[in-house]
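Read the structure below first, then the notes.
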Amino acid sequence: MNIGEYSVKSKVVSWLLVVIMVGGGILAFDKMGKLEDPAFTIKSAKILTAYPGATAQEVQDEVTYHLEDAIQRMEQVKRIKMSVSRPGLSDILIDFKDKYRADDLPNIFDELRRKVADVSPSLPPGAAAPRVIDDFGDVYGVYVVLTGEGYSWRDLYDTADAVKKQLVLVPGVRKVVIDGQQGEVVYVDISRARMAELGIDLAAIAGVLRSQNEVVNAGNVRVDDDYIRISPTGDFQSVQEMGDLLISSSEKRLVYLRDIATITRAYDEVPGKMYFVNGKPGLTLGISMLGGENVVEVGKRLARKSVDLLSIIPVGMKAVAVYNQPREVENSVGGFIVSVGQAVGIVIAVLLLFMGLRTGIIIGAVLLITVAGTLFIMNIYGIELQRISLGALVIALGMLVDNAIVVAEGMLVRMQAGMKPMQAAGEAVGKTMWALLGGTAIGILAFSAIGLSPDNTGEFASSLFYVILISLSLSWLTAVSTTPLLCALLLKVGDGGGEDKDPYAGKAFQVYRGLVAAAVNNRWVTVAGVVGLFVPGLQHAPVFCRYLRAGRVGYPHHP
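Position one of the sequence shown corresponds to residue 4 (the numbering used here), numbered consecutively onward.
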């Protein structure tokens, strides 16, 4: 007894398999992570070291050289992609080998920090501690610009900070980053003539300003069983108080700072970053999601939270969404559902023309069961729905029905000849199951180079191979188990009067059989024709590559 006969005989077990795949697929579709693109790790790190006052040559000889020497001792390093020594700053960018995946990088970054820390004593006394940056590959799923005509940068930042404190509490949000804020400064404009007249040194003013507002520990006093902390006063509470600072001249005369200087509060004259939306400047809020989260659900939570935040945003300020990943993901998933519906419709329509209504319903049902089972197993192994995995499912839709069509057609012919369903299932499955398994394995192996590639391509597109592996494997399983069950349930047994009639005597089949026979009998002509079609295609490959290099084929950009 093979799988087909067992499926028809043990209907409870067969239906249990169907219920598990369909029910698990429906639950998995709601719970599994949904992203726009697969998670991708940028295998790079940057080391910045400040060396104020040094020339570019001094930075190279005294800082960059020692750091590069320590970095090159790491076997994980692929190359030092960029090393720039400019006046006062050493900037080094490192690429790690492609074979390392996301789970390996935290340990690699820790080793990099240890190497850099070990070489720090060799740096000159004026150099700051090297700073290792390894998190510049974050992708923000939601990008919002906060603008407000008539409001200051401080007002915008205070509002953005209040919104940030609420958004980080939303389940599924990893972090919220504010960018574009302008640094607040206090300008002290001093008349050089007045300073020379009073004999006041500019360095003395800077020293007094620096020491006046410095936070220091003033100690504590014990009173009985309690300790009372001493908190000194005198620090500046406003810009106006800076004018009351007393400055000593060379003649030991005390003058107020406001008498010799104009003190104003403003923003940096040269901003570091400026963001504009619809021609209006503003601050950006970048919201990144936790890994493996359902981005669509997180987007719905953010939308509900944004309604509560309307009371925080003052009248006149406006939050403009520049990029909304949850909406894009929802559109992608919706497009996949449409593709599944179209595939099922096309399958049923084609089979209605050639095999009848009942067979079309069987193949369509098997297709839906296979897709549901694929989603179920994807959720078990943590494969999210994203651009690559959805593309794999769309690719697989055209192959998922092949195995089921072979088994259904075999049972249809045998049952029309009067054979009982169990016997028909045993013969149809027994004669084809291993050939179908071999064909399924070939289809899977065709995509194995993508999933098993050790480089960045394999990391980014690995889900393409694994989704096709799962879906095609399930298509073979459902073809030899679920398809015989549904055929036994829906197909009618013939009266057996046409046992001597050849079911393949139709004109269309005879024409097709003749073409195949001619191709096999004249195999060298067939091979020459295939090669003749393949070689001209290779001649157009360089043209396509030039189009790629010229940027004619583009990819979406994420902020």
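Even glycine gets a Cβ: it sits at the ideal position worked out from N, Cα and C. As the structure is a computational prediction, the values presented were derived from the model and not from experiment.
Here the alpha carbons of I97 and S484 stand approximately 53 Å from one another.
Y190 carries a strand assignment under DSSP once its states are collapsed to helix, strand and coil.
Per DSSP, M77 has no beta-bridge partner at all. Looking at the DSSP output, M320 sits in a beta bridge with G151. Inter-residue distance for L439 and R307 is about 50 Å (C-alpha atoms, whole angstroms). The three-state reading of DSSP puts I136 in strand, counting E and B together. Straight-line spacing of the CA atoms in R177 and L170 works out to 10 Å. Along the length of the segment 284–372, whole beta strand (DSSP E) runs at least 3 residues long occupy 320–327, reported in chain order. About 20 Å separates the Cβ atoms of V409 and T377, ruling out a contact at the 8 Å cut-off.
By the Cβ neighbour-count rule, V166 is buried, with 16 or more other Cβ atoms within 10 Å of its own. The alpha-carbon of P90 is positioned some 39 Å away from that of E462. By the Cβ criterion, the segment 351–365 is not in contact with the segment 295–314, since fewer than three pairs of Cβ atoms, one from each stretch, lie closer than 8 Å. Judged by their CB atoms, K102 and P457 are nearer to each other than the 7 Å cut-off. Excluding sequence positions up to five before and after A407, its CB lies within less than 6 Å of the CB of I366, V369, A482, T486, all in the same chain and listed in chain order. The segment 20–77 is shown to contain whole alpha helix (DSSP H) runs of 4 or more residues at 59–62, 68–74, in chain order. With at least 16 other beta carbons inside 10 angstroms of its own, W479 counts as buried. Contact between V432 and N5 holds: their C-beta atoms lie close to 5 Å from each other, under 8 Å. Under the DSSP definition of a beta bridge, K178 partners with S291. Three or more pairs of CB atoms, one per stretch, sit closer than 8 Å, so the segment 156–164 contacts the segment 275–289. In its chain, beyond the 5 residues on either side, no residue has a beta carbon closer than 6 Å to the beta carbon of N281. Non-local C-beta neighbours of V325 in its own chain, meaning closer than 8 Å and more than five positions away in sequence, comprise Y146, V147, V148, V280, T287, P562, ordered along the chain.
Annotation: I453 to N334 spans about 26 Å, alpha carbon to alpha carbon. Counting other Cβ atoms within 10 Å of its Cβ, Q60 stays below 16 and is therefore classed as exposed. I95 carries a strand assignment under DSSP once its states are collapsed to helix, strand and coil. With respect to V189, V273 sits apart: the two C-beta atoms are not nearer than 7 Å. Taking all protein chains shown into account, N110 has fewer than 16 neighbouring C-beta atoms within 10 Å of its C-beta and is therefore exposed. Just so you know, the alpha carbons of K12 and P329 end up roughly 47 Å apart. Taking 7 Å as the cut-off, the beta carbon of E8 is found closer than this to the beta carbon of M425. Around the CB of A449, fewer than 16 other CB atoms lie within 10 Å, so the residue is classed as exposed. Cα atoms of L356 and V534: separation of roughly 35 Å, rounded to the nearest angstrom. In the DSSP assignment, A165 falls within the unbroken alpha helix (DSSP H) covering 156–170. Inclusion of V397 and K37 in the CB contact set at 7 Å is not warranted, their separation being larger than that value. Spanning the alpha carbons of V528 and T373 requires a straight line of approximately 40 Å. When Cβ pairs closer than 8 Å are counted between the two stretches, the segment 209–220 is seen to touch the segment 248–263, the count reaching three or more. Taking C-alpha positions only, G28 is separated from A511 by approximately 39 Å. Relative to V224, the option among I233, A57, N216 whose CA is nearest is I233.
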